[in-house]
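Residue numbers (our numbering): 1031 to 1214.
Even for Gly, the Cβ is constructed at its ideal location relative to N, Cα and C.
Note that this is a predicted model, so its numbers are computed, not measured.
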């Protein structure tokens, strides 16, 4: 330390304490930044250099793709089946799950349209209609939004009685007359 610094410390000990605390805080922040800035995987540094020893990943074999598709199909079927033993309990659980999925799409506009429709209509749907509604819920959110509002024509393979019912429901303006407080 410089002599003038020592003289300042002797003159005002609280100033010295504040400087020490500030220095400690700066060192803590610097240490934290150094830890977070350190690469988690140093081997990735090879990707940024021209003299890399990087070798591209091996191509995925057809058997891996088939196995992944099969596993995905099994998981989806297991989820959709949801057998609780009692057919009535299973049907009630399925309806609740469909109403939840209809309300949780991610776009507020679609959540309001599908959620309101599901709340009003799903409890009275039979198995075939529930299957059709589940098909609607599998569709892309933006596509459903554009088709329901008539911005794009509905492809023939997407036509169903439930989808037509959904469009009629949306065009009867239940969402346009909805109370925002009800969905808050």
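Cutting at 7 Å between CB atoms, please list the residues of its own chain near residue 1129, excluding the five before and the five after it.
1148, 1149, 1152
Straight-line Cα distance separating residue 1173 from residue 1182
8 Å
When 1179, 1125, 1146 are compared against residue 1162, the one with the closest alpha-carbon:
1125
Can a CB atom of chain C be found closer than 9 Å to the CB of residue 1135?
In the displayed structure, chain C is absent; only one protein chain is listed.
Let me know if residue 1201 comes out buried or exposed under the rule of 16 or more other beta-carbons within 10 Å of its beta-carbon.
By the 10 Å Cβ count, residue 1201 comes out exposed.
Helix or strand or just coil, what does DSSP make of residue 1190?
coil
Quick check on this structure: which residue in 1180, 1166, 1170 has the alpha carbon closest to the alpha carbon of residue 1192?
1166
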